[in-house]
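In our numbering, the protein residues as written are 1105 to 1354. Report on the following structure.
Shown next as structure tokens:
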């Protein structure tokens, strides 16, 4: 699958998933040290690119069905994925069966496996829960807030071994906000800043991955984390599998 990626919002560049390499992204990292702005979609251009029709998303099922249509192609437009993720307005009655919390860490709950081309999942964050600093294993990550608020802390890739990671921006995401990241844009950590309320987010990863690299902020030291699901399609996984998995979060 190829993915159409908007580098500077107005330029679309075709990039193959398997050819992505963090070493190729040093030029782009420097461009990312900017004040965050919510990604804007040129709907007029997108409308024309799609032949005069934009998909209508009124429910979570509409979103899933449209994603299946989008990923039938070997070339996928990032702006179109962003558009359909943004078009869906959070309705708890539609996703609450997937929202399963754990007392000690955030959880990943699989909603749809995208016929092996992507994973759509709901992440549930208890009060104060957060992820480790991590990459995305040459995948592309779209995230939409369904409830509550999360903070994204983004870091530049370390330029040398043993170097402390440099924070380049912080972003507060509220309900229905959508953001996007791939390895060209740096590393990040997600956290629920509230010590009172939980948070729930919808994530799409394409292609799917089961391992990623996590980073120590002070030393840049890396380790490999295995990514697992707390539940699948609304049903909790085997307890023994949960206990032996190594979380990449705190």
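Built from N, CA and C at the ideal position, the CB exists for glycine as well.
Around the C-beta of residue 1211, 16 or more other C-beta atoms lie within 10 Å, and the residue is accordingly described as buried. Residue 1306 is not a Cβ neighbour of residue 1254, given a cutoff of 7 Å. A residue is called buried once 16 or more other Cβ atoms fall within 10 Å of its Cβ, and residue 1292 is buried on that count. About 6 Å separates the beta carbon of residue 1222 from that of residue 1308, a gap short enough to meet the 8 Å contact definition. One alpha carbon belongs to residue 1324, the other to residue 1266, and they sit about 5 Å apart. For residue 1162, the secondary structure class from DSSP, reduced to helix, strand or coil, is coil. For the beta strand (DSSP E) assignment, the uninterrupted runs of no fewer than 3 residues enclosed by the stretch 1164 to 1240 are, from N- to C-terminal side, 1179 to 1181, 1211 to 1216, 1223 to 1229.
From the listed residues 1213, 1274, 1230, the smallest Cα separation to residue 1300 is found for 1230.
Contact annotation: residue 1226 and residue 1217 have beta-carbon atoms that are not nearer than 7 Å. Exposed is the label assigned to residue 1195, since fewer than 16 other Cβ atoms lie within 10 Å of its Cβ. In the assembly as shown, residue 1171 is a buried residue. Its beta-carbon has 16 or more other beta-carbons within 10 Å. Per DSSP, residue 1151 is one residue of the alpha helix (DSSP H) stretching across 1147 to 1153.
If you check the CB distance, residue 1161 and residue 1191 come in under 7 Å.
Taking a C-beta distance under 7 Å as the contact criterion, residue 1237 and residue 1258 do not qualify as a contact pair.
In this structure residue 1340 is exposed. Its beta-carbon is surrounded by fewer than 16 other beta-carbon atoms within 10 angstroms. In the structure shown, residue 1288 adopts helical secondary structure according to DSSP, grouped into three states. For residue 1327, the three-state secondary structure derived from DSSP is strand. Note that the C-beta distance between residue 1335 and residue 1248 is not below 7 Å.
Straight across, the Cα-Cα distance linking residue 1146 with residue 1184 is about 10 Å.
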